[in-house]
Amino acid sequence: MTRQDRIFLSSPHMSENEQKYIKEAFDLNWIAPMGSNVDGLEQDIAEYNDVKDAAVVVSGTAAIHLALKLLAVGPEDIVFCSTLTFVASVNPILYQGAEPVLIDSEMDTWNMSPVALERAMAEAKDNGKLPKAVIIVNLYGQSAQMDELTEICSTYGVPIIEDAAESLGSTYKGKKSGTFGRFGIYSFNGNKIITTSGGGALVSHDEESLKRARFLATQARDQAIHYQHSQVGYNYRMSNIVAGIGRGQMEVLDERVQQRRAVFERYFEAFGDIPGVKFQPELEGTMSNRWLTALTIKPDAAGCSNQEIIDQLADENIEARPVWKPMHLQPLFKDVKYYPHGEDSVSDYLFKYGLCLPSGSNMTVQDQERVIAVISRILRK
Ligand SMILES: *Cc1c(COP(=O)(O)O)cnc(C)c1O
Numbered sequence: 058m059t060r061q062d063r064i065f066l067s068s069p070h071m072s073e074n075e076q077k078y079i080k081e082a083f084d085l086n087w088i089a090p091m092g093s094n095v096d097g098l099e100q101d102i103a104e105y106n107d108v109k110d111a112a113v114v115v116s117g118t119a120a121i122h123l124a125l126k127l128l129a130v131g132p133e134d135i136v137f138c139s140t141l142t143f144v145a146s147v148n149p150i151l152y153q154g155a156e157p158v159l160i161d162s163e164m165d166t167w168n169m170s171p172v173a174l175e176r177a178m179a180e181a182k183d184n185g186k187l188p189k190a191v192i193i194v195n196l197y198g199q200s201a202q203m204d205e206l207t208e209i210c211s212t213y214g215v216p217i218i219e220d221a222a223e224s225l226g227s228t229y230k231g232k233k234s235g236t237f238g239r240f241g242i243y244s245f246n247g248n249k250i251i252t253t254s255g256g257g258a259l260v261s262h263d264e265e266s267l268k269r270a271r272f273l274a275t276q277a278r279d280q281a282i283h284y285q286h287s288q289v290g291y292n293y294r295m296s297n298i299v300a301g302i303g304r305g306q307m308e309v310l311d312e313r314v315q316q317r318r319a320v321f322e323r324y325f326e327a328f329g330d331i332p333g334v335k336f337q338p339e340l341e342g343t344m345s346n347r348w349l350t351a352l353t354i355k356p357d358a359a360g361c362s363n364q365e366i367i368d369q370l371a372d373e374n375i376e377a378r379p380v381w382k383p384m385h386l387q388p389l390f391k392d393v394k395y396y397p398h399g400e401d402s403v404s405d406y407l408f409k410y411g412l413c414l415p416s417g418s419n420m421t422v423q424d425q426e427r428v429i430a431v432i433s434r435i436l437r438k
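Take a look at the structure:
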């Protein structure tokens, strides 16, 4: 087995334009610092998402960290976050010495449950300490129930950070994912729908805050010819070379969304009618970029488990994964408060039965037929 015939969950997919922007930077010896690719990429991201401003940084994690800094989250503070997510959503809460509180999912989007959020807010209010922020994650490209969640947060006066690391290009009622909260973040990590090899962006309609984000991301340097500092800063800015990759990728983002959606459609056609198989829903009025095709497999009805499918695919040099392990089940967060959706925890269910299939936009139809053939062998017809 070789890397050539391996099918990845999600691998980088370059167009040809990335090299053009990188070459420009090389030709001008504008490798660093900042520069025209950084400015250009920030403009591209702001325009694409119809948001006032975007600041590009070294990672999505750094963008979340900056958002928490901008909201003055510190020790003694509480921050609510979706439990069903990648650890990068929650780690920045710990960087700030604050206390995470984890909120369950609901079945209609797999994202933050408005019911659990309302319960958590009401209790926090009773305890006399509301959270300083709520981090809402849009899993695998699907937007959370933003109307309901936004209403709860505004009732309690708590700002939202929308973790749209996985949902760049998706929409909710015609509006781009990542633009619903005080801040939104995107990731350009290697496995995301578009990638700069590594990077992220912080977006907001609040230009003053983004100015401050850029300041914090460049070691919080005061206006002075000598190096003067009055606050703690970070080295979080994206390089001009990396931003060049991003500019090329932004040009093909919509095409990538269509390609990922086509991958989903082919899986859906193959397995949509099989008992015990249920794909992540696309809530009415939303459009998911289908970053990863995710589904649940109930072994009783389907005739095999998610783990058996993962193992069989691995034998054929094909990468598949369970869904994210919820944060409240992680050793790191074992003592953290958790609000399930109801009597049963929805995220526990999704973790137990969930499966993510290879979904790269550069998969060929033949690649996908290979995946489908392996799964068809073991699923009950
Ligand atoms: C990838 C990801 C991040 C972090 O992005 P990086 O660029 O890898 O730091 C944050 N949240 C979610 C949900 C992600 O999938």
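When you read off a place in the sequence shown, starting at 1, and then add 57, the result is the number in our numbering.
Ideal placement from N, C-alpha and C gives every residue a C-beta, glycine not left out.
In this text, all values refer to a predicted model and were calculated from it rather than measured experimentally.
Q | CA-to-CA distance, Asp-96 to Asn-86, given in whole angstroms | A | In a straight line, the C-alpha of Asn-86 is about 16 Å away from that of Asp-96.
Q) Mind checking Glu-223: buried by the 16 CB within 10 Å criterion, or exposed? A) Buried is the label assigned to Glu-223, since at least 16 other Cβ atoms lie within 10 Å of its Cβ.
Q. Between Asp-311 and chain C, is there a C-beta pair that is closer than 9 Å?
A. Included in the structure is just one protein chain, with no chain C present.
Q. Roughly how many angstroms lie between the CA atoms of Ile-302 and Pro-332, to the nearest whole one?
A. The straight-line gap from Cα to Cα measures roughly 43 Å.
Q. In the structure shown, what three-state DSSP assignment does Val-191 receive?
A. For Val-191, the three-state secondary structure derived from DSSP is strand.
(Q) So, under 8 Å CB-CB, Thr-253 and Phe-245 are touching, yes? Tell me the CB distance rounded to an integer number of Å. (A) Right, their Cβ atoms sit about 4 Å apart.
Q.
Any heavy atom of ligand 1 closer than 8 Å to the beta-carbon of Ile-251?
A. Flag unset: Cβ of Ile-251 not near ligand 1.
**Q.** Local conformation of Val-172 per DSSP, three classes
**A.** In the structure shown, Val-172 adopts helical secondary structure according to DSSP, grouped into three states.
Q | Contact under 9 Å by Cβ, Ala-270 with Tyr-243 | A | For Ala-270 and Tyr-243, no; Cβs fall outside 9 Å.
**Q.** Exposure of Gln-316, with buried meaning 16 or more beta-carbon neighbours within 10 Å
**A.** The residue is buried, with at least 16 neighbouring Cβ atoms inside 10 Å.
Q) Just to confirm, are Ala-359 and Arg-437 a CB contact at a threshold of 9 Å? A) Arg-437 is positioned such that its CB atom lies closer than 9 Å to that of Ala-359.
Q) Which residue from Gln-76, Asp-401, Ala-327 and Thr-343 puts its Cα closest to that of Arg-434? A) Among Gln-76, Asp-401, Ala-327 and Thr-343, the Cα nearest to that of Arg-434 belongs to Ala-327.
Q | Reference Leu-273; option with closest CA among Ile-282, His-283 and Leu-259 | A | Checked all of Ile-282, His-283 and Leu-259; the closest Cα to Leu-273 is Leu-259.
Q.
Below 8 Å on the Cβ atoms is my contact criterion, and I expect Phe-321 with Thr-350 to pass it. Report the Cβ-Cβ distance as a whole number of Å.
A. Cβ atoms of Phe-321 and Thr-350 come within 8 Å of each other, at about 5 Å.
Q: List the endpoints of the continuous beta strand (DSSP E) containing Pro-383.
A: For Pro-383, there is no enclosing beta strand (DSSP E), as DSSP marks it with neither H nor E.
(Q) Quick check: what's the CA-CA separation for Arg-176 versus Tyr-396? (A) Each residue's alpha carbon lies about 8 Å from the other.
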